[in-house]
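Here's the structure, in structure tokens; my notes come after.
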Amino acid sequence: MTIDLPLQAPSPAGLIWRVTRNDAPTADPERETILENPGFGQHFTDHMVDLCWSEQGGWHRPRVSPYGPIALDPAAAVLHYSQEIFEGLKAYRHADGSIWTFRPDRNAARLQRSARRLALPELPTELFIESLRQLVAVDSAWVPGNAEESLYLRPFMFAKEAFLGVRAAKKVAYYLIASPAGSYFPGGVQPVNIWLSKDYARAGHGGTGAAKTGGNYASSLLPQEEAYKKGCQQVLFLDGEYLEELGGMNIVLVTRDGRLLTPKSDSILEGVTVDSILQLARDRGLEVEHRRITIDEWREGAASGEIVGAFACGTAAVVVPIGALKSEDFEIVHDGPEATALAMSLREELTDIQYGRREDTHGWLVRLDADA
Ligand SMILES: *Cc1c(COP(=O)(O)O)cnc(C)c1O
Numbered sequence: 011m012t013i014d015l016p017l018q019a020p021s022p023a024g025l026i027w028r029v030t031r032n033d034a035p036t037a038d039p040e041r042e043t044i045l046e047n048p049g050f051g052q053h054f055t056d057h058m059v060d061l062c063w064s065e066q067g068g069w070h071r072p073r074v075s076p077y078g079p080i081a082l083d084p085a086a087a088v089l090h091y092s093q094e095i096f097e098g099l100k101a102y103r104h105a106d107g108s109i110w111t112f113r114p115d116r117n118a119a120r121l122q123r124s125a126r127r128l129a130l131p132e133l134p135t136e137l138f139i140e141s142l143r144q145l146v147a148v149d150s151a152w153v154p155g156n157a158e159e160s161l162y163l164r165p166f167m168f169a170k171e172a173f174l175g176v177r178a179a180k181k182v183a184y185y186l187i188a189s190p191a192g193s194y195f196p197g198g199v200q201p202v203n204i205w206l207s208k209d210y211a212r213a214g215h216g217g218t219g220a221a222k223t224g225g226n227y228a229s230s231l232l233p234q235e236e237a238y239k240k241g242c243q244q245v246l247f248l249d250g251e252y253l254e255e256l257g258g259m260n261i262v263l264v265t266r267d268g269r270l271l272t273p274k275s276d277s278i279l280e281g282v283t284v285d286s287i288l289q290l291a292r293d294r295g296l297e298v299e300h301r302r303i304t305i306d307e308w309r310e311g312a313a314s315g316e317i318v319g320a321f322a323c324g325t326a327a328v329v330v331p332i333g334a335l336k337s338e339d340f341e342i343v344h345d346g347p348e349a350t351a352l353a354m355s356l357r358e359e360l361t362d363i364q365y366g367r368r369e370d371t372h373g374w375l376v377r378l379d380a381d382a
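Residues in the sequence shown are numbered from 11 upward in steps of one, following our numbering.
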């Protein structure tokens, strides 16, 4: 069944959305069973959004369709040269049933920056946010209502032109899919151990480190396996002697006197979570330093008692305390309570805002299930 949505306001970009309902959606009891224990990234909702872009026509043909496989020409450029970018954000259900997302303008702007670096077209912010609204309008039943649960939204864009020459593609697709997400830590938040990768880098100067692109993740998988073998859950990447970030999360160090240090570099992905956590810290009167940090500063600071802990930030897990940093030739252990307590209280403040349990004084929330 295909309907042109007559009841919705015209898209801000003036495009008409074509909505095709899934005529075999997941049955209610099955969906409810999935939402009882969704895990992460394993189940997908009944619909997806896509838009096309071409050099001639710009962004066109926005549509909502039943979730399903994408037909791609085997010569599609993305399959050969990785011209791809993505985003990750969440939809939260508040106690009154309304559905919200967090700082989507930031994700839209980051997708635009990633697009510039990967020579892909920029998707306008209104169209990005409209795509979230369109998907939530048909899949609202998939937004869980339990504490710490959410609907993870995954926008992505790739080169679909069938052409093996090496140049920016002239045909591109943008998609949005969604996956219910359970609490990242069903048994309560546990500190993670991280492995310091010495043999592998995630990004280099002038590379794609500041873009959210699949290639950065592909190159992190081998060091990630090394980390697992060493009893660690995540990898810390350096740029020479300078701290960068984990494979998919930003890092923050905590000093004895309550300052928060986070690395600055042109090859770090600018996280929305770390930015928000550091803003909440500043609101509390804590000092935040965004600057170059060497691995020796951390080692020496941990040894002298100046640095009392560390934590990682990202949309999926929100905030995770770091229990230890391990490497071939040294180990930093953070087992004191102060930094963990600070990380956990900032985490709680942020999730309280996201779930509507605390006032959103920064205007970070955007309602998705109605025009707010
Ligand atoms: C997505 C991502 C982050 C975290 O960003 P958030 O906006 O906080 O989710 C950090 N580092 C990398 C490499 C990422 O891809």
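Beta carbons: idealized from backbone N, C-alpha and C, even for Gly.
*Kindly indicate the opening and closing residues of the alpha helix (DSSP H) around Y77.*
That residue, Y77, is in no alpha helix (DSSP H); it is neither H nor E in DSSP.
_Taking 7 Å as the limit between beta carbons, can you name the residues of its chain near L99, skipping five residues before and five after?_
T111, F112, P114, N117, L163 and T325
_Quick check: is any heavy atom of ligand 1 less than 6 Å from the C-beta of V330?_
no
_Within a Cβ cutoff of 7 Å, which residues of the same chain sit near S193, ignoring the five residues on either side of it in sequence?_
E158 and E159
_Checking the sheet assignment: what are the DSSP bridge partners for Y91?_
Answer is none; Y91 lacks a bridge partner.
*May I ask you to check if the CB of G258 is nearer than 6 Å to at least one heavy atom of ligand 1?*
yes
*With hydrogens ignored, establish whether the beta-carbon of T218 is closer than 6 Å to any heavy atom of ligand 1.*
no
*For L279, is the beta carbon positioned less than 6 Å from some heavy atom of ligand 1?*
yes
*A320 classed as buried or exposed, judged by whether at least 16 other C-beta atoms fall within 10 angstroms*: buried
*Hey, how far is the Cα of V87 from the Cα of A178?*
Note that residue 87 corresponds to Ala in the displayed sequence, not to Val. Spanning the two alpha carbons is a distance of roughly 9 Å.
_For a test of the three-state rule: what should DSSP assign to T135, helix, strand or coil?_
helix
_D83 and A172 closer than 7 Å at C-beta_ = yes
*Beta-carbon separation of L335 and L253 under 7 Å?*
no
*Give me the Cβ distance between L121 and L133, rounded to the nearest whole Å; I'm assuming they're in contact under 8 Å.*
6 Å
*Taking all protein chains shown into account, decide if T55 is buried (16 or more other Cβ within 10 angstroms of its Cβ) or exposed.*
buried
_So, for F247: in the same chain, excluding its five sequence neighbours on each side, which residues have a beta-carbon less than 8 Å away from its beta-carbon?_
S207, Y210, A211, R212, A213, S230, P233, E254, E255, L256 and G257
*Which word fits L271, buried or exposed, when buried means at least 16 other C-beta atoms lie within 10 angstroms of its C-beta?*
buried
*Residue environment, F138, which counts as buried when at least 16 other CB atoms sit within 10 Å*: buried
*How about E348 and V328: are their beta carbons less than 7 Å apart?*
no
*Is any beta-carbon of chain D found at less than 7 Å from that of M354?*
Note that chain D does not occur in the displayed structure, where there is just one protein chain.
*Is it a yes or a no for the region 336 to 344 touching the region 272 to 282, going by three-plus beta-carbon pairs under 8 Å?*
no
*What's the C-alpha gap between V343 and G333?*
6 Å
*Own chain partners of F96 with C-beta closer than 6 Å, once the 5 adjacent residues on each side are dropped*: F166 and K222
*asked:* Any heavy atom of ligand 1 inside 6 Å of the beta-carbon of T393?
replied: In the structure displayed, the chain extends from 11 to 382; residue 393 sits before or after that span and is not available.
*Mind checking Y184: buried by the 16 CB within 10 Å criterion, or exposed?*
buried
*Can you check DSSP and say which residues form a bridge with P190?*
L161
*Any heavy atom of ligand 1 closer than 6 Å to the Cβ of T283?*
yes
_Bridge partners - Y102, DSSP secondary structure assignment_ = W110
*Run of the alpha helix (DSSP H) containing W308, from where it starts to where it stops*: I305 to S314
*Quick one: what does DSSP say P84 is sitting in, helix, strand or coil?*
coil
*Return the bridge partner residues of V264 from the DSSP annotation.*
L270 and G319
*Does the separation of the CB atoms of L352 and V245 fall below 7 Å?*
no
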